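Just so we're aligned, residue 1 is where the sequence shown starts under full-length UniProt numbering, counting upward by one.
Using N, Cα and C, we set each Cβ at its ideal position, and we do this for glycine too.
Since this is a predicted model, take the numbers as computed values, not measurements.
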Amino acid sequence: MASQRVAIITQDEARWELPDWQRQQADLITDPAELLALLDLAASGLPESLAAARDFPLRVPRRYVDLIEKGNPQDPLLRQVLSVPAELEAVPGYGVDPLEEGDHTPVPGLLHKYHGRALLVVTGACAVHCRYCFRRHFPYQAHLSGKRWEEALEWLSARPDINEVILSGGDPLTLTNRRIGQLLDALAEIPHLRRLRIHSRTPVVIPDRLDDELKRLLSRPRWRTVLVLHANHPREISAQLAERGREWQQAGITLLNQSVLLAGVNDDLDTLVALSDGLHEAGILPYYLHQLDKVAGAAHFAVPDEAALALHQGLRGRLPGFLVPRLSREEPGKPAKTVLAG
Ligand SMILES: *Cc1c(COP(=O)(O)O)cnc(C)c1O
Ligand code: SF4
Numbered sequence: 001m002a003s004q005r006v007a008i009i010t011q012d013e014a015r016w017e018l019p020d021w022q023r024q025q026a027d028l029i030t031d032p033a034e035l036l037a038l039l040d041l042a043a044s045g046l047p048e049s050l051a052a053a054r055d056f057p058l059r060v061p062r063r064y065v066d067l068i069e070k071g072n073p074q075d076p077l078l079r080q081v082l083s084v085p086a087e088l089e090a091v092p093g094y095g096v097d098p099l100e101e102g103d104h105t106p107v108p109g110l111l112h113k114y115h116g117r118a119l120l121v122v123t124g125a126c127a128v129h130c131r132y133c134f135r136r137h138f139p140y141q142a143h144l145s146g147k148r149w150e151e152a153l154e155w156l157s158a159r160p161d162i163n164e165v166i167l168s169g170g171d172p173l174t175l176t177n178r179r180i181g182q183l184l185d186a187l188a189e190i191p192h193l194r195r196l197r198i199h200s201r202t203p204v205v206i207p208d209r210l211d212d213e214l215k216r217l218l219s220r221p222r223w224r225t226v227l228v229l230h231a232n233h234p235r236e237i238s239a240q241l242a243e244r245g246r247e248w249q250q251a252g253i254t255l256l257n258q259s260v261l262l263a264g265v266n267d268d269l270d271t272l273v274a275l276s277d278g279l280h281e282a283g284i285l286p287y288y289l290h291q292l293d294k295v296a297g298a299a300h301f302a303v304p305d306e307a308a309l310a311l312h313q314g315l316r317g318r319l320p321g322f323l324v325p326r327l328s329r330e331e332p333g334k335p336a337k338t339v340l341a342g
């Protein structure tokens, strides 16, 4: 018993030493009732909300909750994170592995679908759980068990045709700088890797994640680094995120954004225009606007293709070409993502 208590005290003390972003990541809201209470919302539908969260837990950093409008059950940011009864409905055509990614996994933790690029699933964890996420049923344990990254590194070393490595997950920026540094050191030994890409939503929900140490790690001359963020709504681009974004751009890191087109979140022209404008102000360029992957539990977010194409056409009429994201969809068995409108 005594030794257990010592362990607990040590852990508490260690928590004080953690960088800001890690403390925020350890202090998430996981209870739908707490989220609703913080936002002055009635607890209607709470039992179903709790049931939906059992399958894919609710997970929201407090900094993100600050961006949500109080008293508005339709808030577009809230809609992305609150588990709702609609997730429990079975909808034909919506399954658990919509991208058939299991077929593209030569070694655990590595996806190879597209020419020259390999995607590393470096962690199953995310700082936020997005209710529309296609990874909500992903068998992370199968990917992350055993020898972790070793096999993936060996596979990459033996494939000179791969010149870009994409760190993904889950969310790679939930890992500590130390862990990311170790992985980058190992990848740096593989001479044919020229581009390093990181896909992450963490900086959108915890802007403090873009800290100086990580910036140093990613702006090393060994790499041309591209950081692809994931913001869906202009209000997600907080003043702090915009400030860091501009700093990182000045450090020579290319910043892009991918969004998912989501009913009730960003499926209107003014919102998408404001999103592109806000990204540009923050030193970030729009890259993709994805049509939703047909994952079970997310059907209520779907936007029909005709409506998506009309929105894209509208963007072309309102913005310079470089602020119009490519409207695209991921389809199993294709040599690239399908671009519906560029
Ligand atoms: C999306 C994706 C990529 C990157 O595709 P780009 O069009 O280059 O952004 C690479 N590998 C996998 C498995 C992907 O899903
Ligand atoms: S951060 Fe990305 S991977 Fe994680 S739940 Fe959200 S969309 Fe899915």
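Task: Simplified DSSP state of isoleucine 180, which is helix, strand or coil - done: Isoleucine 180: helix per DSSP, three-state reduction.
TODO: Return yes when the C-beta of arginine 329 is under 8 angstroms from any heavy atom of ligand 2, and no when it is not.
DONE: no
Task: Nonlocal neighbours in the same chain, by C-beta distance under 7 angstroms from aspartate 211, ignoring five residues either side - done: Pro19 and Trp21
TODO: Go through its chain and collect everything with a Cβ distance to proline 160's Cβ below 7 angstroms, but skip five positions before and after it.
DONE: His192
- [ ] Reducing DSSP to helix, strand and coil, say where arginine 329 ends up.
- [x] strand
TODO: For the alpha helix (DSSP H) holding glutamine 258, just list the boundary residues, first then last.
DONE: Unbroken run through glutamine 258 is the beta strand (DSSP E), 254 to 260; no alpha helix (DSSP H).
Task: Straight-line gap, valine 339 to histidine 290 (C-alpha atoms, nearest Å) - done: 9 angstroms
Open item on the list: Going by C-alpha to C-alpha distance, which of Glu213, Thr176 and Gly297 sits closest to alanine 251?
Closed with: Glu213
Open item on the list: So for serine 200, helix, strand or coil by DSSP?
Closed with: strand
Task: Coarse secondary structure for valine 96, derived from DSSP in three states - done: Coil, per DSSP.
Open item on the list: Just checking glutamate 101 against ligand 4 - is the residue's beta carbon closer than 8 angstroms to any of the ligand's heavy atoms?
Closed with: Only ligand 1 and ligand 2 can be found as ligands here, which leaves ligand 4 out of the picture.
Open item on the list: For threonine 338, list the residues DSSP reports as bridge partners.
Closed with: Arg329
Task: Extent of the continuous alpha helix (DSSP H) to which arginine 63 belongs - done: Counting along the chain, the alpha helix (DSSP H) containing arginine 63 begins and ends at 62 to 65.
Task: DSSP three-state assignment for valine 121, whether helix, strand or coil - done: strand
- [ ] Spell out the partners DSSP gives serine 168 in its beta bridges.
- [x] Val121
Task: Length of the line joining the Cα atoms of valine 260 and leucine 153 - done: 30 angstroms
Task: Straight-line Cα distance separating valine 228 from tyrosine 288 - done: So the alpha carbons of these two residues sit roughly 10 angstroms apart.
Task: Backbone secondary structure at valine 303 - three-state DSSP - done: coil
Task: With 16 other Cβ atoms within 10 Å as the buried cut-off, status of serine 44 - done: exposed
Task: residue 349 versus Val324, Arg135, Gly71 and Leu38, residue with shortest Cα-Cα distance - done: This structure leaves residue 349 out entirely; the chain is present only between 1 and 342.
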